[in-house]
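Here the structure is laid out as structure tokens; the discussion comes afterwards.
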Amino acid sequence: MNSEVKINGRQFTILVIMNTLGSAIIMGPAIVASYGRENSWISVLIASMIGILVVLMYIQIFKLDRNKDIFQLLEKLLGKWLGKFISFLFVLYVFYVVIGNLRAMGDFIITHILVETPLEVMILLILITCLIGVRMGIEVISRTSEVFFPYVAIAIFLLIAMVFKEAEVTKIQPILQTNIGGMLAGAVPLIGYPFFELIILLSLMKDVNKPEKAKKAFIIGVTIGGFLLTSITLMCLLVLGVDLTVRNTYPTYVLGKKISIADFVERVEVIVAIIWFFTIFFKIMTIFYVLSVGVSRILNLKSYKTVTVPIAYFIIVFAVVLAPNVVYTSQFITGTWIPLSATFGLVLPIILLVVGLLKENKTRS
Amino acid sequence: MLNVTAILLVTGLIGRFEYKKIKKLDSKKDKWVFVVGTTVAATLSVALVLGYYIPNLSKGFEIVYQPITDPIVTILDTYKSK
């Protein structure tokens, strides 16, 4: 299944960047700032550095067998039945990431843009587009992301450049003098969201045409993603200040509202929406693809496309009932999501790595 | 009732076109998974439209992880700005 599918290193880098930014680019600053306050941009920096270390660990897992995705690796290392059971739990986690991101996108649109539109309709529209992409395959998703990435990069650059004149350094002072504990605490939710979620992309590493490039691409992608997240958080703090950043669910969107050029070009916050729609759209599509591949591996199907339609139905239903409101989502990210993502993003890879290395040593001896 | 009819109609149409493609795979398992999966998924969608209780995944995870979450949240909350 999918043995001829190949993407190149650059495309994989872009997918990693899109997955790192995802919904964290718009919700992340508020979550981090509620703990780290003036120093929360340093919290994002710390989280990014830990994210890079985590990715280095994922690369070691990839080295165990370069021709297998995480589902095949689980079966190979843990045995057929235990492997399948852990694969099922992992699929559940991936499913939750898809519905969580889809719901975040739906919530944002019905809160800020199409306020009269029902959530179900928004979710349905987004998912139909993603479903088409997933059925085209990872090659098409990667190439499309390559086409759209310049728009994301330009939009981020424009956002930072246009709000720069509003920045006041006093808003992030004193730097590293107070609330050091809060700064470290702020990094914790951000490690789980989005850095531990990158374990899902481990499934795509074997599809990169040159394995050496895949490793490099993963590290470059997470570094750029982390840098962009840090920059956006820093701009939110410099322009909006700590209180406004904490009080808004989507501070980056509010940051966009501050854009003003010669009192003529005003309220171009749609730039933020452009950045976010592209990043989260590709994140949902990539993860939906991995989810379909995972389910087809567990059930030993001939094609992953068989399960895409039923999964799409499940995604819509569970995304609608996922959370009663946006506040609940924020609480979930700073609560249950931390140990949940650590289970699959940290504990499972460590187990895989230890078992893999033990088996390798046994074979050698 | 209109919503339910729409769901069933759309599912029927998708099922018909999709099944033809799956048939070409020549795999009995694929056919079965598609038919059973789509039926269960469509039933869930109808249940959602009719206002039946659908289990919330977040609540499930919350219950499972509560013993670990509580101490983490207690520590983090000491640094949270009020």
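Line order of the protein sequences matches chains A and B.
Per my numbering, numbering of the first sequence is gapless, rising by one per residue and ending at 365.
Per my numbering, numbering of the second sequence is gapless, rising by one per residue and ending at 1082.
C-beta: ideal position from N, C-alpha, C; glycine also.
Since we're looking at a predicted model, the values are computed, not measured.
inquiry  = Considering Cα atoms alone, identify which of 103/A, 351/A, 342/A and 232/A is closest to residue 256/A.
reply    = The residue with the shortest Cα to Cα distance from residue 256/A is 232/A.
query = From which residue to which residue does the alpha helix (DSSP H) around residue 323/A run?
reply = Counting along the chain, residue 323/A falls outside any alpha helix (DSSP H), and DSSP gives it neither H nor E.
ask   = Is residue 101/A buried or exposed, if buried means 16 or more other CB atoms sit within 10 Å of its CB?
value = Residue 101/A is buried by the Cβ-count criterion.
inquiry  = Counting beta carbon pairs with one atom in the segment 330-346 of chain A and one in the segment 19-33 of chain A, are three or more of them shorter than 8 angstroms?
reply    = With the cut-off at 8 angstroms, the segment 19-33 of chain A and the segment 330-346 of chain A touch.
task = Mind checking who residue 260/A pairs with in its DSSP beta bridge?
result = Looking at the DSSP assignment, residue 260/A forms a beta bridge with 266/A.
request  = Take residue 290/A as the anchor and find which of 42/A, 117/A, 97/A and 84/A has the nearest alpha-carbon.
outcome  = When each option's Cα is compared against that of residue 290/A, the closest is 97/A.
message = Closer than 7 angstroms between beta carbons: that is the criterion. Which residues of the segment 115-134 of chain A meet it against chain B?
response = Cβ contacts with chain B: none found.
request  = For chain B, find out if any of its Cβ atoms is closer than 8 angstroms to the Cβ of residue 209/A; answer yes or no.
outcome  = No, no contact with chain B.
message = Looking at chain C, is there any beta carbon in it that lies within less than 8 angstroms of the beta carbon of residue 1069/B?
response = Judged by its chain identifiers, the structure shown contains no chain C, and its protein chains are A and B.
query = Whose Cβ in chain B lies nearer than 7 angstroms to the Cβ of residue 302/A?
reply = Going along chain B in sequence order, the residues near residue 302/A (Cβ under 7 angstroms) are 1025, 1027 and 1030.
query = Thinking just about the alpha-carbon of each residue, which of 1038/B, 1078/B and 1044/B is nearest to the one in residue 1017/B?
reply = If we check each option's Cα against that of residue 1017/B, 1038/B comes out closest.
In chain order, each alpha helix (DSSP H) run of at least 4 residues that lies wholly inside the segment 6-33 of chain A = Segments of the alpha helix (DSSP H) lying fully in the segment 6-33 of chain A: 9-21.
request  = Starting from residue 208/A, follow its DSSP beta bridges and name the residues at the other end.
outcome  = Per DSSP, 7/A.
Where the alpha helix (DSSP H) through residue 116/A begins and ends = First-last for residue 116/A: undefined, no H or E at that position.
message = Between the alpha carbons of residue 123/A and residue 312/A, how many angstroms are there, rounded?
response = It is roughly 11 angstroms from the alpha-carbon of residue 123/A to the alpha-carbon of residue 312/A.
ask   = At least one CB of chain B closer than 8 angstroms to the CB of residue 310/A: is that the case?
value = Under the Cβ criterion of 8 angstroms, residue 310/A is counted among the residues facing chain B.
query = Who are the neighbours of residue 366/A on chain B, taking C-beta pairs under 8 angstroms?
reply = Absent from the model: residue 366/A. The displayed extent of chain A is 1 to 365, so no value can be given.
CB contact below 8 angstroms: residue 106/A versus chain B = Not an interface residue.
query = Do the segment 210-221 of chain A and the segment 238-245 of chain A touch if we need at least three Cβ pairs shorter than 8 angstroms?
reply = Here the segment 210-221 of chain A does not lie against the segment 238-245 of chain A, with fewer than 3 beta-carbon pairs under 8 angstroms apart.
Backbone CA spacing between residue 90/A and residue 344/A [nearest angstrom] = Those two C-alpha atoms are separated by around 7 angstroms.
query = Listing by chain order, which chain B residues have their CB less than 7 angstroms from the CB of residue 367/A?
reply = Here chain A covers residues 1 to 365 and nothing more, so residue 367/A does not appear.
key: Per-residue burial, residue 1055/B [other beta carbons within 10 Å of its own, 16 or more giving buried]   = Around the beta carbon of residue 1055/B, a 10 Å sphere encloses fewer than 16 other beta carbons of the protein chains shown; the residue is thus reported as exposed.
request  = Using 10 angstroms around the beta-carbon of residue 1051/B, count the other beta-carbons present and answer buried if the total reaches 16, otherwise exposed.
outcome  = Label assigned to residue 1051/B: exposed.
ask   = Is residue 322/A closer than 8 angstroms to residue 99/A when the C-beta atoms are compared?
value = The Cβ atoms of residue 99/A and residue 322/A sit closer than 8 angstroms to each other.
request  = Anything in the segment 317-333 of chain A with a Cβ closer than 7 angstroms to a Cβ of chain B? List those residues in chain order, please.
outcome  = Listed by position along the chain: 317, 318, 320, 321, 322, 323 and 332.
key: N- and C-terminal bounds of the alpha helix (DSSP H) containing residue 43/A   = Segment 40-64, the alpha helix (DSSP H) holding residue 43/A.
request  = Report the three-state DSSP secondary structure of residue 1058/B (helix, strand or coil).
outcome  = In this structure, residue 1058/B counts as helix in the three-state DSSP scheme.
key: C-beta neighbour in chain A for residue 1088/B, strict 8 angstroms   = What the structure shows of chain B is the stretch from 1001 to 1082, and residue 1088/B is not part of that stretch, so it cannot be assessed.
key: Residue from 355/A, 324/A and 348/A with nearest C-alpha to residue 1058/B   = When each option's Cα is compared against that of residue 1058/B, the closest is 324/A.
Run of the alpha helix (DSSP H) containing residue 87/A, from where it starts to where it stops = Note, residue 87/A: alpha helix (DSSP H), 80-108.
Start and end residues, alpha helix (DSSP H) containing residue 181/A = Judged by DSSP secondary structure, residue 181/A falls within the alpha helix (DSSP H) whose first and last residues are 180-192.
query = Relative to the alpha-carbon of residue 294/A, which residue among 16/A, 47/A, 84/A and 276/A has its alpha-carbon at the smallest distance?
reply = Nearest Cα to residue 294/A within the set 16/A, 47/A, 84/A and 276/A: 84/A.
Residue 250/A at chain B interface by Cβ criterion, 8 angstroms = So, not an interface residue.
ask   = At a Cβ threshold of 8 angstroms, is residue 182/A touching chain B?
value = The beta carbon of residue 182/A sits closer than 8 angstroms to some beta carbon of chain B.
ask   = Around the Cβ of residue 306/A, are there at least 16 other Cβ atoms within 10 angstroms (buried) or fewer (exposed)?
value = With a 10 Å radius around the Cβ and a threshold of 16 neighbouring Cβ atoms, residue 306/A comes out buried.
request  = Could you tell me how far apart the beta carbons of residue 366/A and residue 87/A are, in whole angstroms, since I believe they sit closer than 8 angstroms?
outcome  = With chain A running from 1 to 365 in the structure shown, residue 366/A is simply not present.
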